[in-house]
Amino acid sequence: MDNNRKSLVIGMIGLGFAQLGTAAGTIAGTDIDNTAVVSYEVVGTPQTVTSNTVTLTVAEVLDVDVTLLSGPASVVSGSTTQELLFVVTNTGNGTEGFQLAINNALSGDDFDPVASTPAAIYFDTDASGDFSAGDIAYTPGSNDPQLAPDASVDVLLVNDIPASLADGAIGLSELGAAALTGTGDPGDRFPGDGDGGIDAVVGTSGADDAVSGQYLISDIRLDVIKSATVLDPFGGSDPVPGAEITYRIVVTPTGTETATNTVFTDPIPANTTYLANSITLNSGALTDAADADVGVYTATPMPEISVDLGDLIQASGAQTIEFTVTIN
Amino acid sequence: MNDPAMMSAKGLLLTSLLILAGNALAQQGTIQLEHKAEQWESVTDAEGIEQTRLVEAARVLPGEEVLFSVTYTNVGDQAAEDVTITNPVPDHMSYVDNSATGDNTSVTFSVDGGETFGAAQDLLVTDALGAERPALAKDYTHIRWVVDSDVSAGASGTVRFTAVVE
């Protein structure tokens, strides 16, 4: 090709580059325009003509993904309001509402968890990952989550556990999410029902998804809650170099059986230094050496503290461990 | 030819040639373009045999391919030289490798918004770190077809390419 021909083309249409799309592709409702240009010469006179513009509109793909975030939940027979954490993600390319549903009548388990009342589906409103007072209950048709493309919402299933189950028994509970526009086989079309009146088309997920989580009966369960308190060199609570962080770990046994040979181990956080002889168990001081008392600090290979709690039953009550580090 | 718009265009063109004041009126086009976007659709006939056919595209989905075709027709009464058709790869779409076709044409591509064109194997793009690498089909911003010979009065041809919705 010679350069003269290149220079003849003067009408360039459709410049610019595609804006970022979503994981599912171009946003629903986007118009894609295209116009061609022809240049030529007639008797030495250069001329340019543009074509008609063809316009394509990107339809809405209905897709959703449900993923379980929590591992098997260790629960005690007869306990109530035990939660499983899921995340529901709009994997389509348009804004869509989703209906949520719980299903406990699943095969392949030993018992059926019982949906808690008054509600069994909650949004993890406070983002704690746990079922807590600030979480808002889900009511179908009332507060169905509306999700933009790629947006997600954390959802908790809250169940009660039947009494008198054997140790090791497993119960499954499933969260389902379905596009409000409609579900079906991939490729099924809902003309005019998509964003802004465009067509909506069922994507590879079938526009619905469901996944189950597991409750595991353990006749003894240990709940561990860790908190930290900072004391800086100036009497305040700023985590500055030289400030001391005191960690408090509370281990609470629940159930009818015994947790034998329970050892609590905690690595010393990076960029901190363990404060010698600062381990306490239920307010009683422990030495760092591996000796008669149950507390040990080991510097290598990784600095960590451990406390041998021995055999724990529910009647042992909460065990409170504290230790202190200094910020480097 | 039943299209009244096209008939009046022809009429204007004839007039312009008569009065030898061709330039302004020639803007109407000695060459006309017809641009189409189509998709392959699979249909099963009465005998249960699956066949594919092209249907006009209007609603598309991410991942779907669209066949763009541009038909050029010399509606004047003189040959057109150096006929060059340029088509941008639309926003939100990527060119499908080796899909540009056109009888009796030479095809080149641009990766810089139509500033320069070159053969596919000669194109380079600069990545975010400033390094150059060979261009991929998805880097193309424009496609150009140069018709290898003059397009005589009444002659026509079609060039095509396929792009996929991102």
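If you read the sequences in order, they're chains A and B. Numbering (the working numbering) for the first sequence: 439 to 766. Numbering (the working numbering) for the second sequence: 17 to 182. Virtual Cβ for every residue (Gly too), placed ideally from N, Cα, C.
For this session: Using a threshold of 9 angstroms, state whether the C-beta atoms of B/ARG69 and A/LEU494 are closer than that.
Result: Against the second sequence, residue 69 of chain B aligns to sequence position 53. Against the first sequence, residue 494 of chain A aligns to sequence position 56. With respect to the 9 angstroms criterion, B/ARG69 and A/LEU494 are not classified as neighbours on the basis of their beta carbons.
For this session: Give the interface partners of A/SER489 over in chain B, defined as CB-CB distance under 8 angstroms, in chain order.
Result: To locate residue 489 of chain A, count along the first sequence from 1; it is residue 51. Correct list: LEU49, GLU50, HIS51 and VAL86.
Exercise. Taking buried to mean at least 16 other C-beta atoms within 10 Å of its own C-beta, is B/ARG149 buried or exposed?
Worked result: In the second sequence, the residue the question calls residue 149 of chain B occupies position 133. Per the 10 Å Cβ criterion, exposed.
Problem set entry | Cβ pair A/VAL496, A/ASP469 closer than 9 angstroms | As a working mapping, residue 496 of chain A is identified with position 58 in the first sequence. As a working mapping, residue 469 of chain A is identified with position 31 in the first sequence. Yes, the Cβ-Cβ distance between A/VAL496 and A/ASP469 is below 9 angstroms.
Exercise. Are any of the Cβ atoms in chain B nearer than 9 angstroms to that of A/SER643?
Worked result: Mapped onto the first sequence, residue 643 of chain A falls at position 205. False, the Cβ-Cβ gap to chain B never drops below 9 angstroms.
Exercise. Helix, strand or coil: which one does DSSP assign to B/GLN55?
Worked result: Position 39 of the second sequence, counted from the first residue, corresponds to residue 55 of chain B. DSSP places B/GLN55 in the strand class (E or B) of the three-state scheme.
Exercise. If the cut is a Cβ gap below 8 angstroms, which residues of chain A does B/LEU230 touch?
Worked result: Beyond the ends of chain B as shown, which are 17 and 182, falls residue 230 of chain B; an answer cannot be given.
For this session: Could you tell me whether any Cβ in chain A is nearer than 9 angstroms to the Cβ of B/GLN137?
Result: Taking the first residue of the second sequence as 1, we reach residue 137 of chain B at position 121. Not an interface residue.
For this session: Would you verify that the beta carbon of B/ALA151 is, or is not, closer than 9 angstroms to some beta carbon of chain A?
Result: Within the second sequence, the letter at position 135 stands for residue 151 of chain B. Not an interface residue.
Problem set entry | Beta-carbon proximity of A/ASP657 to A/THR700, cut-off 9 angstroms | The sequence position of residue 657 of chain A within the first sequence is 219, counting from 1. The sequence position of residue 700 of chain A within the first sequence is 262, counting from 1. A distance of 9 angstroms or more separates the beta carbons of A/ASP657 and A/THR700.
Exercise. For A/ASP605, which three-state DSSP category applies?
Worked result: On the first sequence, residue 605 of chain A is found 167 positions in, with the first residue counted as 1. Here A/ASP605 sits in coil by DSSP.
Exercise. When the Cα atoms are used, what is the spatial distance from B/GLU97 to B/THR89?
Worked result: Here residue 97 of chain B refers to the residue found at position 81 of the second sequence. Here residue 89 of chain B refers to the residue found at position 73 of the second sequence. In this model, B/GLU97 and B/THR89 are separated by some 13 angstroms (Cα to Cα).
Exercise. Using DSSP with H/G/I as helix, E/B as strand and the rest coil, what is A/GLY634?
Worked result: Against the first sequence, residue 634 of chain A aligns to sequence position 196. Note: A/GLY634 maps to helix in three-state DSSP.
Exercise. Taking any Cβ of chain A, which residues in the segment 83-117 of chain B have a Cβ under 7 angstroms from it, in chain order?
Worked result: Answer set for the segment 83-117 of chain B: PHE84, VAL86, TYR88, GLY92, GLN94, ALA96, GLU97, ASP98, VAL99, THR100, ILE101, THR102, ASN103, PRO104, PRO106, ASP107, HIS108 and MET109.
Exercise. If you check the beta carbons only, do B/ALA151 and B/PHE125 fall under 9 angstroms apart?
Worked result: The residue given as residue 151 of chain B occupies position 135 in the second sequence. The residue given as residue 125 of chain B occupies position 109 in the second sequence. Cβ distance < 9 angstroms, so B/ALA151 and B/PHE125 count as in contact.
For this session: Could you please tell me which residues of the segment 514-532 of chain A, in chain order, have their CB closer than 7 angstroms to any CB of chain B?
Result: Contacts with chain B (Cβ-Cβ distance below 7 angstroms) from the segment 514-532 of chain A involve ASN531, listed in chain order.
Problem set entry | beta strand (DSSP E) runs wholly inside the segment 468-548 of chain A, at least 3 long, in chain order | Here the runs fully enclosed are 469-480, 483-496, 498-500, 502-506, 511-513, 520-528 and 534-541.
Exercise. Among the residues of its own chain, which have a CB less than 6 angstroms from the CB of A/LEU750, if the five just before and after it don't count?
Worked result: Walking along the first sequence from the start, residue 750 of chain A turns up at place 312. Cβ within range, chain order: PRO691, ALA697 and THR700.
For this session: Report the neighbours of B/ALA171 on chain A: residues whose CB is nearer than 9 angstroms to its CB, in chain order.
Result: On the second sequence, residue 171 of chain B is found 155 positions in, with the first residue counted as 1. What B/ALA171 touches in chain A: nothing, since even the nearest Cβ is about 12 angstroms away.
Exercise. Considering only the beta carbon of each residue, do A/SER643 and A/LEU610 sit closer than 9 angstroms?
Worked result: Looking up residue 643 of chain A in the first sequence gives position 205. Looking up residue 610 of chain A in the first sequence gives position 172. No. Outside cutoff.
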